[in-house]
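Numbering (my numbering), first residue to last: 75 to 456.
Notes for the one structure printed next.
This is how it looks when you write it as structure tokens:
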């Protein structure tokens, strides 16, 4: 049986979301990189046939998408399919002619659907970006009513922020004034939907790169919404701009497990750690915050755990590193059925060492808490 047969069978039968299927294809692409020239012909054929079959439904799925968020998921999945095909056939002329034409047609469709993203990419592709270039992109964005799609402007700016130095002063002012006005627009909406909130989160984050007269006022307005995801980036941008940060905003973030550790780190970076509530500076609490934030990544649980408990700490590598061990449980759809609702193990060292293999706690539980930690250290941390 071909190496990818089981993977393909699962993708075709379990009704996974486009995001989940794309994640699995990303894994397949990594496997292809590892295999290289050793890829067997039957594996190449099986995976290529699957990619071409899946591509047959892309136009249908785009047509049936209810909004741009759904379209974006389909387009991202198509890009995953394209990546796999390109790795299977490094030389495009080796792709069967009919399939090559189909993929080219779909690529053209994807480019038309992503017209705002393409406009942003074209703008940042210029050696010097003038005010007129920014105004052209803003005109495109202002013609869009779908807030998720409109938010791709800020996502694009974040992606190309390394090229902001190519922008003229007039271009910086133009995008800064537009962003400040958009942030104010979002903060004045009576009921901010999830897509608009996501766009606002991006906007307050990248606004620090384009400071204009109204930027700070717009950021203070965003803080008044009291939404942690928006407030964290508004605080970070205000600090970057050298502006005062309201103590109540810091206090709210300090007591939010998803953002506490990040907020403390950002304040420290700007010499403002004293603003952080002392009762929230315990290393165990900050490690728990780091753990919870990591678990919210789409590639992990995609949400906060339903429950999390601190088990203790262990030292590693001659006591130079300290790991804080937790157990958590969740009904996240990202987990396999046998793991949902079960206590799982994770750890954090508050320095980028946060991780979990979603190992079941009961498999490592000892007669005492000390024995449990010893088992985890020996069998999971190494």
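The beta carbon of each residue, even a glycine, is placed where N, CA and C say it ideally should be.
Note that the coordinates shown come from a computational prediction; the quantities given were computed from them, not determined experimentally.
Per-residue DSSP class, three states only, for residue i
i: residue 203; result: strand
i: residue 434; result: strand
i: residue 464; result: Residue 464 lies beyond the range of the chain shown here (75 to 456); nothing can be said about it.
i: residue 38; result: Residue 38 lies beyond the stretch modelled for the chain, which goes from 75 to 456, so this question has no answer here.
i: residue 445; result: helix
i: residue 87; result: helix
i: residue 295; result: helix
i: residue 371; result: coil
i: residue 355; result: coil
i: residue 346; result: coil
i: residue 234; result: coil
i: residue 439; result: coil
i: residue 400; result: strand
i: residue 387; result: strand
i: residue 381; result: strand
i: residue 58; result: An answer regarding residue 58 cannot be provided, because it is not within the stretch 75 to 456 covered by the chain.
i: residue 419; result: strand
i: residue 395; result: strand
i: residue 284; result: coil
i: residue 75; result: Because the pLDDT at residue 75 is just 43, under 50, the model does not fix this residue reliably, and the point stays unresolved.
i: residue 213; result: helix
i: residue 179; result: helix
i: residue 340; result: helix
i: residue 82; result: helix
i: residue 119; result: helix
i: residue 376; result: coil
i: residue 319; result: coil
i: residue 219; result: coil
Separation of residue j from residue i, as counted between CA atoms
i: residue 44; j: residue 343; result: The chain is shown only over 75 to 456; residue 44 falls outside these bounds and no answer can be derived.
i: residue 249; j: residue 455; result: 47 Å
i: residue 171; j: residue 114; result: 22 Å
i: residue 225; j: residue 451; result: 43 Å
i: residue 428; j: residue 421; result: 6 Å
i: residue 414; j: residue 380; result: 11 Å
i: residue 334; j: residue 267; result: 24 Å
i: residue 272; j: residue 222; result: 7 Å
i: residue 91; j: residue 184; result: 19 Å
i: residue 195; j: residue 181; result: 16 Å
i: residue 370; j: residue 364; result: 10 Å
i: residue 135; j: residue 289; result: 40 Å
i: residue 217; j: residue 264; result: 21 Å
i: residue 152; j: residue 237; result: 27 Å
i: residue 191; j: residue 307; result: 22 Å
i: residue 361; j: residue 418; result: 16 Å
i: residue 157; j: residue 211; result: 28 Å
i: residue 123; j: residue 131; result: 13 Å
i: residue 227; j: residue 179; result: 25 Å
i: residue 75; j: residue 297; result: Low local confidence applies: a pLDDT of 43 at residue 75 is under 50, so the model's placement there is unreliable, with the coordinate-based value given in what follows. Spanning the two alpha carbons is a distance of roughly 57 Å.
i: residue 109; j: residue 148; result: 28 Å
Residue burial classification, residue i (beta-carbon count within 10 angstroms, cutoff 16)
i: residue 444; result: exposed
i: residue 412; result: exposed
i: residue 95; result: buried
i: residue 453; result: exposed
i: residue 89; result: exposed
i: residue 165; result: exposed
i: residue 435; result: buried
i: residue 101; result: exposed
i: residue 311; result: buried
i: residue 300; result: exposed
i: residue 404; result: buried
i: residue 201; result: exposed
i: residue 321; result: exposed
i: residue 440; result: exposed
i: residue 408; result: buried
Residue i - partner residues in DSSP beta bridges
i: residue 241; result: 203
i: residue 249; result: Answer by DSSP bridge pairing: none, since residue 249 is not bridged.
i: residue 429; result: 421
Which listed residue (the options) has its alpha carbon closest to that of residue i
i: residue 104; options: 83, 161, 149; result: 161
i: residue 126; options: 357, 266, 155; result: 155
i: residue 294; options: 90, 83, 319, 449; result: 319
i: residue 257; options: 245, 279, 240; result: 279
i: residue 239; options: 211, 284, 339, 216; result: 284
i: residue 286; options: 254, 301, 316, 377; result: 254
i: residue 470; options: 313, 345, 346, 355; result: Residue coverage of the chain in this structure runs from 75 to 456, which leaves residue 470 outside it and unanswerable.
i: residue 215; options: 145, 237, 206, 189; result: 189
i: residue 367; options: 430, 210, 323; result: 430
i: residue 396; options: 197, 212, 386, 209; result: 386
i: residue 303; options: 116, 130, 321, 276; result: 276
i: residue 87; options: 122, 325, 128; result: 128
i: residue 281; options: 324, 270, 229, 298; result: 229
i: residue 388; options: 358, 242, 111, 147; result: 358
i: residue 97; options: 325, 81, 108, 111; result: 81
i: residue 133; options: 187, 350, 345; result: 187
i: residue 146; options: 269, 352, 167; result: 269
Closer than 9 Å to chain D by CB, residue i
i: residue 309; result: No chain D is part of this structure, which consists of one protein chain only.
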